[in-house]
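Residue numbers (this note's numbering): 1 to 241. Note that CB positions come from ideal geometry on N, CA and C, so glycine has one too. Right, one structure below, let's go through it.
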């Protein structure tokens, strides 16, 4: 298994929340909650990973396909959620897995912590009562870690997920340094970030990817970075770092 340093975690601990890592196999969550819920979160990781792994044993194509699968009404909830998102977007269901785990864990703890941040490999599911800053990392781009999203306080959660064609372990057919999508669902944002990232093979395709993003009513905002070029759309606010 390859190790990827989660360096951004060293600069992303909000002082008003308790922050800690919860790891199991390839799942590596960074969690910030009102109190330490690590044991509960680890239990939920095991639960969801077991559901996904057992489903893959019965349907190996679920792991391998890059296109949507036929919806299975008998599949576990998280698997059905991944299928729904992938069908809406046009990607394989595993393109949503990191966001789906973050989202389902967040939903499981929301009654125990009215604010939370669940980050899974750069894919974030959060609910916040105060405005927060989410830094954008785009590898070697001159814009990397120079701009951030200002996430406004809201009773509803946000799914903030990023795909890249230049770093990370996720499969991408594009060349964008970062494609960040904000919706209310981390699973949906994760899959759509992958889909849009596959489009951006040159800087001239950034406007087209944003046009595609606009067709999805779930999208609150999108940011695409490729080198020194950036495209932005939606009800979002960028701040300079």
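message: Going by the DSSP bridge assignment, what does residue 24 pair with across the sheet?
response: Note: residue 24 is bridge-paired with 27 in the DSSP secondary-structure output.
message: Less than 8 angstroms between CB atoms is the rule here; does residue 13 satisfy it with respect to chain D?
response: In the structure shown, chain D does not exist; there is a single protein chain.
task: With DSSP as the reference, label residue 88 as helix, strand or coil.
output: Of the three classes helix, strand and coil, the one that applies to residue 88 here is helix, per DSSP.
- request: Please report the residue range of the beta strand (DSSP E) in which residue 189 lies.
  value: Counting along the chain, residue 189 falls outside any beta strand (DSSP E), though it belongs to the alpha helix (DSSP H) covering 186-199.
- request: Just confirm the distance between the C-beta atoms of residue 67 and residue 191, as a whole number of angstroms; I'd bet it's less than 8 angstroms.
  value: About 12 angstroms separates the two Cβ atoms, so there is no contact after all.
field: Alpha-carbon to alpha-carbon, residue 120 and residue 84
entry: Note on geometry: alpha-carbon atoms of residue 84 and residue 120 lie some 20 angstroms from one another.
message: Just to confirm the assignment, what range does the alpha helix (DSSP H) spanning residue 62 have?
response: First-last of the alpha helix (DSSP H) with residue 62: 61-64.
field: Own chain partners of residue 176 with C-beta closer than 7 angstroms, once the 5 adjacent residues on each side are dropped
entry: The residues are 164, 165, 197, 200, 224, 225 and 226.
Residue 148 (DSSP reduced to helix, strand or coil): Annotated three-state conformation of residue 148 is strand, per DSSP.
Among 138, 45 and 129, the one whose alpha carbon lies nearest that of residue 228: Taking residue 228 as reference, the option from 138, 45 and 129 with the minimal CA-CA separation is 138.
query: Tell me which same chain residues have a C-beta within less than 8 angstroms of the C-beta of residue 247, skipping the five on either side of it?
result: This structure does not reach residue 247, given that the chain is present from 1 up to 241, and the question cannot be answered.
field: Beta carbon of residue 131 nearer than 8 angstroms to that of residue 153
entry: Cβ distance < 8 angstroms, so residue 131 and residue 153 count as in contact.
message: Using a Cβ distance threshold of 8 angstroms, determine whether the stretch 208-218 contacts the stretch 97-111, with at least three qualifying pairs required.
response: No contact exists between the stretch 208-218 and the stretch 97-111.
task: Throw me the rounded Cβ distance for the residue 123 and residue 38 pair, which I believe falls under 8 angstroms.
output: Actually they do not touch by this definition, with Cβ atoms about 19 angstroms apart.
task: Throw me the rounded Cβ distance for the residue 214 and residue 233 pair, which I believe falls under 8 angstroms.
output: The pair is a contact, with the Cβ atoms about 7 angstroms apart (cut-off 8 angstroms).
query: So who's on the other strand from residue 166, going by DSSP bridges?
result: Bridge partners of residue 166: none, in fact.
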